[in-house]
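Peer 1: Residue numbers (the working numbering), protein chains in the order written: chain E, 51 to 390; chain F, 51 to 390; chain S, 51 to 390; chain P, 51 to 390.
There are 4 protein chains.
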Amino acid sequence: MLSFESDYTEGAHPAIISRLSETNLEQTPGYGLDKYSESAKEKIKAAFALEGADVFFLVGGTQTNSTVIASMLRDYEGVIAVGTGHIGVHESGAVEYTGHKVLTLKDHEGKMDAGELEAYLKAFYADGTYEHMVIPGMVYISFPTEFGTIYSKEEMKAIHSVCQRYSIPLFVDGARLGYGLMSEANDIDVKEFASLCDVFYIGGTKVGALFGEAVVFCGGAPAHFFTTIKQHGALMAKGRLLGLQFDTLFTDGLYFKIARHADEMASRLKGIFLEKGYETFIDSPTNQQFFIMTRRRAAELHDKVRFEDWCPVDKDRIAVRFVTSWATPVGNVLALGNIL
Amino acid sequence: MLSFESDYTEGAHPAIISRLSETNLEQTPGYGLDKYSESAKEKIKAAFALEGADVFFLVGGTQTNSTVIASMLRDYEGVIAVGTGHIGVHESGAVEYTGHKVLTLKDHEGKMDAGELEAYLKAFYADGTYEHMVIPGMVYISFPTEFGTIYSKEEMKAIHSVCQRYSIPLFVDGARLGYGLMSEANDIDVKEFASLCDVFYIGGTKVGALFGEAVVFCGGAPAHFFTTIKQHGALMAKGRLLGLQFDTLFTDGLYFKIARHADEMASRLKGIFLEKGYETFIDSPTNQQFFIMTRRRAAELHDKVRFEDWCPVDKDRIAVRFVTSWATPVGNVLALGNIL
Amino acid sequence: MLSFESDYTEGAHPAIISRLSETNLEQTPGYGLDKYSESAKEKIKAAFALEGADVFFLVGGTQTNSTVIASMLRDYEGVIAVGTGHIGVHESGAVEYTGHKVLTLKDHEGKMDAGELEAYLKAFYADGTYEHMVIPGMVYISFPTEFGTIYSKEEMKAIHSVCQRYSIPLFVDGARLGYGLMSEANDIDVKEFASLCDVFYIGGTKVGALFGEAVVFCGGAPAHFFTTIKQHGALMAKGRLLGLQFDTLFTDGLYFKIARHADEMASRLKGIFLEKGYETFIDSPTNQQFFIMTRRRAAELHDKVRFEDWCPVDKDRIAVRFVTSWATPVGNVLALGNIL
Amino acid sequence: MLSFESDYTEGAHPAIISRLSETNLEQTPGYGLDKYSESAKEKIKAAFALEGADVFFLVGGTQTNSTVIASMLRDYEGVIAVGTGHIGVHESGAVEYTGHKVLTLKDHEGKMDAGELEAYLKAFYADGTYEHMVIPGMVYISFPTEFGTIYSKEEMKAIHSVCQRYSIPLFVDGARLGYGLMSEANDIDVKEFASLCDVFYIGGTKVGALFGEAVVFCGGAPAHFFTTIKQHGALMAKGRLLGLQFDTLFTDGLYFKIARHADEMASRLKGIFLEKGYETFIDSPTNQQFFIMTRRRAAELHDKVRFEDWCPVDKDRIAVRFVTSWATPVGNVLALGNIL
């Protein structure tokens, strides 16, 4: 059955499968100390125009979020995120499990507002009892957000500038980074993205890899981050599997090409929905698309295509999510058009 | 260069690579809810003659150890292990990071002694101040151990019986389980292994898979173990990658066949060393082999073959480790013979 | 200077000081195994008409909250509280530090609504992705709340009934329990209070003791709770100090008498404020009173009396808090009247 | 019955009880921001000749150890202690509960050997796999030790010097600090003690106070240590209770006078034991004394005097512990002599 359920339903880009196959019986050192990992790190630093950065490869998103956040916070600190942020909802309390509170701000279609962030920090330090509260030690945003929306360059700059004024790092969850950077609506150049935050990760799992997320500490990693990865159970014995995948994705811009394809498919899909008279729930410029339909219509469609019921809109209507990916054939989008 | 450095230097058994390739563009549900994972679980239960078991797939060994241990201990409990146990040494404090102490007993070539375990528990509860100490809540052993040694059926029974008397579960770290079960020295049948413990894991990373460990809760999993996996950052989005690998390994006994090959290679390798006049440091019947040589000889050999310096023996001599795996060609063993 | 700043500005009720002095050179066993602690536990069980309960004494409120909550939750569980709940705001993330998320509901003048609690739980389990989220494992409410308000018997029953339907314990933070139970507005008898929850604590620090909170597990304590207390650094070597204080407070109903006094003082204080034309911010029937005044008026008053600025109301006005306690002499209330 | 069971069987020095009584109805700010706490801190800094130090008051020893250790370690670090160190045995895993491993060295009558510490650290960093292990981040010693022994100035200097070479702080658990510093065998002046470590605490609970430990960060506290205390549930609402006690103890050298008394009583007690033909188990120069006696003799004595059976010596004999304190009347020591 046709599926637009998520961007992690397939395996990996065929080029990755080929290289895994070709190199399969090579013997390499473990734990990411192999030549493929080295090469991938260099390519990533080049792509993002980062010289002094440190790059590490982890396996999945929740793991990456909790490992990075714990590594940068002191015990008494928490991380600020909007209420819809992935770390606050769908990670089973992984951040709290490491001892840190997620401090929540209101979201605006999934996005944090720089002004509200500043107001929060100002009010926090103005409160005479703040030493009895969790000290804000990091800001977490997603690019794109859980609703597919993206920050403009000005918005990112504004948030980063607040962070810098309060000396707290800005961490960008880029589980779908490629889809954000390749969006037609995006005005941030790949080469300037890293200057707008302090640490981010480049999602592989949802953008062409079997699995894997590349963490980039723009100004260098926290001390002993390798040991931290191991302590979190996040260190792959055969680290080259991660290196090989990212090396492939960052050769000849493959990562960005396949991300753009997904965005294009999403754009066509949205066009079809609008043509058919559906309304968007959120106007997303990336690979996740949200529409409003009656519960009855959604129920009928579920027999013919896989997608996610997102949330109720009113008594009769719900929002639904359709997701494209690097692997979505144009034929599938057209086939969906015939069903709608 | 020839390498006997570890059993995780290569990729995966070719049958796994083929299936990953064949199924690459299939769309499946995420998080292990796919048909391959289901099938793999059934095959594992059949292989180990377990009906009521629950099977889960995780990515790596340290992750598996800390996730399983934390899921079965209450906050006030610790896990008993021998001092050389992997969880106490080379996992960067992953168990302590989840809040639990590793309570150490003396090892005997890597093994725990049932009598000493019982003496420990008896003395613990006889001590009037035991409520001020960490309550022992689990016993952890490795099969085979970090020194390649294995427990006899009688030894396992004796340990399990102590555990049962004190109502604490016995957890077996089977990172190299195949190599242990297929050893000529092993007297435990695969189908009775599960009756000798409460939870164990079947190592994939070191025995034919790209990565992956299959946790088997012999009598059913702790409540919400799925959520626990997610909370530990150990849940793969594309769970089928784990399912596919274990499904392949447990089809037609592949897992055991390739493990036996490694043991045979180890046995030949040992024969060669003994012939050449080397002495074993520990007499291991599995794929890790330990020999004594002079520091000078070891240094010379390092130019021709990769292996690990294990520990000092005396002023002039050290112990070294040579490891075979499912992927070791007999040619490599013979080539090593020519070098020695 | 006159102070209505909090209910922990003085030492202890004189009867406690006397007994500490009288018994000072007695030699008793440590860690709460003394006769005074035993006696205090029996008196508390009698006062609350609880036979099967287990009672433990801890030192302070935050410590008690985090120790009790951690002892009753499994790792994958969180505790539900309203956003203004003490555990979610002014405890420096002590609950998260033990690995658990505080799941927040909206408050109504500091109180949780049973209907909203039920709706939350229903929606939680109806969500297909709930296994990716923190499992609700406990409900936390304060009696009285951080705003001095109290639950009616019907309201408590309704919340408890929801908890029972979902098999999660109800924990009542009674840092100011005496002030709640002795309020004229309270319709819950001391002897039936325990039947409305699963675990609660009786605040001593704010109600007559130098320090100390008595935790009551209505149906028996979690296994090894003594060890849990020690592990949290919450076990007093000279446990009799806690026993003696609670034994004194629960002899001849002293705890309730002095709590009633504070409520009476609060009632007179409120009368004076209203007479002088001030408006209440929240209509509290216990020892914390909240009024609205202009910022200018508050600033003037701060020169003559100590009290807390609570929160802004609008551009010109703020809410302020005045607190009475077991130690407030009526003369202080009258003196305040002259100042207002 | 006569008791030499521990040094926390009585209440507090009478001067403390008097001051608690006198100041009982004063109103002071909470959380240690009162004048008594300020005064106590100044007196402590003067006594130990420390200008730049930060002093904090906590309630008990286990709490102090786990709070201080957690505040100074990063997540990936552990604390080195000898196997008999209090944090590794009788604190219910409080350190591990905060996520840190206790790395153990062999003890020598309770003491750490500087040479062995250095060898451990040297071997650690020489091991190619050290990044897979817990990074040593602090050294913990007790002064006096759990066996009553003390370090000489040279021994402390040697340990501190190793710590400095490896840039890790030295933390001294001074639960019985007074008894150590006032020992006739001690060659460390109070005013130079602080120069031999980085952080230590001055035990009050066992040396004259009802409760309380004064933490001294010789070169200033870690950032936000106040918040850390709160997060650990270790912040007293009525902080003046701690301030008052330490202010009393550090007025006119009371702390040291009463400690010296205990040491003198211990010395007389030891003399009597030796006269009667008993042998010491460990030759302690402080208030804890250890002797060897037959099991039968110990059993008889238990009917007449309280003391602790420490550990078995051989089939027939055990070691026993007799403890004096600031509160031990000379008459009790003489009475014991008549019983022996």
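Glycine included, every Cβ here is placed at the ideal spot set by N, Cα and C.
State the Cα-Cα distance for the pair G111 of chain E and T277 of chain F, rounded to the nearest angstrom.
Peer 2: So the two alpha carbons sit approximately 15 Å from each other.
Peer 1: According to DSSP, is Y216 of chain E part of a helix, a strand, or is it coil?
Peer 2: In the structure shown, Y216 of chain E sits in coil (DSSP, three-state: anything other than H, G, I, E or B).
Peer 1: With a threshold of 8 Å between beta-carbons, can A316 of chain E be considered close to chain P, or not?
Peer 2: Not an interface residue.
Peer 1: Could you please give the first and the last residue of the uninterrupted beta strand (DSSP E) stretch that includes P362 of chain S?
Peer 2: Taken as a continuous stretch (DSSP letters only), the beta strand (DSSP E) holding P362 of chain S covers 358–362.
Peer 1: Hey, quick one: how far does the beta strand (DSSP E) through Q113 of chain P stretch, first residue to last?
Peer 2: Element bounds for Q113 of chain P: not the beta strand (DSSP E) but the alpha helix (DSSP H), 111–122.
Peer 1: When Cβ atoms are compared, which residues of the segment 261–275 of chain P fall closer than 8 Å to chain S?
Peer 2: Flagged, chain order: F261.
Peer 1: Anything in the segment 54–83 of chain E with a Cβ closer than 7 Å to a Cβ of chain S? List those residues in chain order, please.
Peer 2: If the cut-off is 7 Å between Cβ atoms, the segment 54–83 of chain E has nothing near chain S.
Peer 1: Could you please give me the residues that DSSP links to F306 of chain E through a beta bridge?
Peer 2: Looking at the DSSP assignment, F306 of chain E forms no beta bridge with any residue, so it has no partner.
Peer 1: Got a sec: is the Cβ-Cβ distance from H150 of chain E to anything in chain P below 8 Å?
Peer 2: Output row for H150 of chain E: interface = no.
Peer 1: Identify which residue in S:G102, S:I67, S:L108, S:K156 has its Cα closest to the Cα of K288 of chain S.
Peer 2: Residue S:L108 is the option with its Cα nearest to K288 of chain S.
Peer 1: By how many angstroms is the C-alpha of P335 of chain E removed from the C-alpha of S116 of chain F?
Peer 2: Near 40 Å, if we compare the C-alpha coordinates of P335 of chain E and S116 of chain F.
Peer 1: Between the segment 129–147 of chain F and the segment 158–172 of chain F, can you find at least three pairs of beta-carbon atoms closer than 8 Å?
Peer 2: The segment 158–172 of chain F, when compared against the segment 129–147 of chain F, does touch it at the 8 Å Cβ threshold.
Peer 1: With which residues is L155 of chain E paired in a DSSP beta bridge?
Peer 2: For L155 of chain E, which the question treats as bridged, DSSP gives the partners E:V132.
Peer 1: Assuming I308 of chain E and G258 of chain E form a contact by the criterion Cβ under 8 Å, report the distance between their Cβ atoms to the nearest whole angstrom.
Peer 2: At roughly 5 Å, the Cβ-Cβ gap stays under 8 Å, so I308 of chain E and G258 of chain E are in contact.
Peer 1: Say whether chain S places a C-beta atom closer than 8 Å to the C-beta of D223 of chain E.
Peer 2: So no, D223 of chain E is outside the interface.
Peer 1: Is the number of C-beta pairs between the segment 295–312 of chain S and the segment 166–173 of chain S that are closer than 8 Å three or more?
Peer 2: Output reads no: the segment 166–173 of chain S does not touch the segment 295–312 of chain S.
Peer 1: What did DSSP end up calling A369 of chain F once you bin it into helix, strand or coil?
Peer 2: Note: A369 of chain F maps to strand in three-state DSSP.
Peer 1: With a cut-off of 8 Å, does the C-beta of A120 of chain S fall near any C-beta of chain F?
Peer 2: By this cut-off, A120 of chain S is an interface position.
Peer 1: When you compare the CB positions of F357 of chain S and F54 of chain S, do they come within less than 8 Å of one another, or not?
Peer 2: Against a cut-off of 8 Å, the Cβ pair of F54 of chain S and F357 of chain S comes out as a contact.
Peer 1: Per DSSP, what are the beta-bridge partners of D104 of chain E in this structure?
Peer 2: E:F267, per the DSSP bridge assignment.
Peer 1: Starting from Q338 of chain P, follow the beta strand (DSSP E) in both directions and report where the run begins and ends.
Peer 2: Residues 338–344.
Peer 1: So which residues on chain S does E196 of chain E lean against when the C-beta distance must stay under 8 Å?
Peer 2: Per Cβ cutoff of 8 Å: no residues; E196 of chain E is ~12 Å from chain S at best.
Peer 1: Check whether the Cβ of I185 of chain P lies closer than 8 Å to any Cβ atom in chain E.
Peer 2: Cβ-Cβ to chain E under 8 Å: yes for I185 of chain P.
Peer 1: Ordered along the chain, which non-local residues of its own chain (more than five positions away) have a Cβ less than 6 Å from that of L220 of chain F?
Peer 2: Excluding positions up to five away in sequence, the list reads V189, H210, C213, C247, D248.
Peer 1: Leaving out the 5 sequence neighbours to the left and right, which residues in its chain are closer than 8 Å to L155 of chain F when beta-carbon positions are compared?
Peer 2: Excluding residues within five positions, the ones whose Cβ falls inside 8 Å are I130, A131, V132, G133, M162, D163, E166, L167, Y170.
Peer 1: Whole angstroms is fine: what's the gap from G187 of chain F's alpha carbon to F250 of chain F's?
Peer 2: G187 of chain F and F250 of chain F: Cα-Cα distance of roughly 16 Å.
Peer 1: Since E24 of chain S meets chain E, which of its residues come closer than 9 Å, beta carbon to beta carbon?
Peer 2: Absent from the structure is residue 24 of chain S, since the part of chain S shown begins at 51 and ends at 390.
Peer 1: Which residue comes first and which comes last in the beta strand (DSSP E) that contains I94 of chain P?
Peer 2: It is not in any beta strand (DSSP E) - I94 of chain P instead sits in the alpha helix (DSSP H) that spans 85–97.
Peer 1: Evaluate contact between the segment 232–248 of chain P and the segment 135–150 of chain P, counting only Cβ atoms and requiring at least three cross-stretch pairs below 8 Å.
Peer 2: No: fewer than three Cβ pairs fall under 8 Å.
Peer 1: With P186 of chain P as the anchor, note down where its beta strand (DSSP E) starts and where it stops.
Peer 2: 185–192 is the extent of the beta strand (DSSP E) around P186 of chain P.
Peer 1: Quick check: the Cα distance between L231 of chain P and S317 of chain P, rounded to an integer number of angstroms?
Peer 2: So the alpha carbons of these two residues sit roughly 15 Å apart.
Peer 1: For A176 of chain F, collect the residues of the same chain with a Cβ closer than 8 Å to its Cβ; drop the 5 residues on either side in sequence, then sort them by chain order.
Peer 2: Same-chain partners within the cutoff: there are none.
Peer 1: Shorter than 8 Å from the beta carbon of Q113 of chain E to some beta carbon of chain P?
Peer 2: It does not: the Cβ of Q113 of chain E has no partner Cβ on chain P nearer than 8 Å.
Peer 1: So which residues on chain F does D125 of chain P lean against when the C-beta distance must stay under 8 Å?
Peer 2: In chain order: Y147.
Peer 1: Mind checking which residues open and close the alpha helix (DSSP H) that includes I200 of chain E?
Peer 2: Note, I200 of chain E: premise wrong, no alpha helix (DSSP H); not H, not E.
Peer 1: Let me know the secondary structure DSSP gives G253 of chain P once reduced to three states.
Peer 2: The answer is strand: DSSP assigns G253 of chain P an E or B state.
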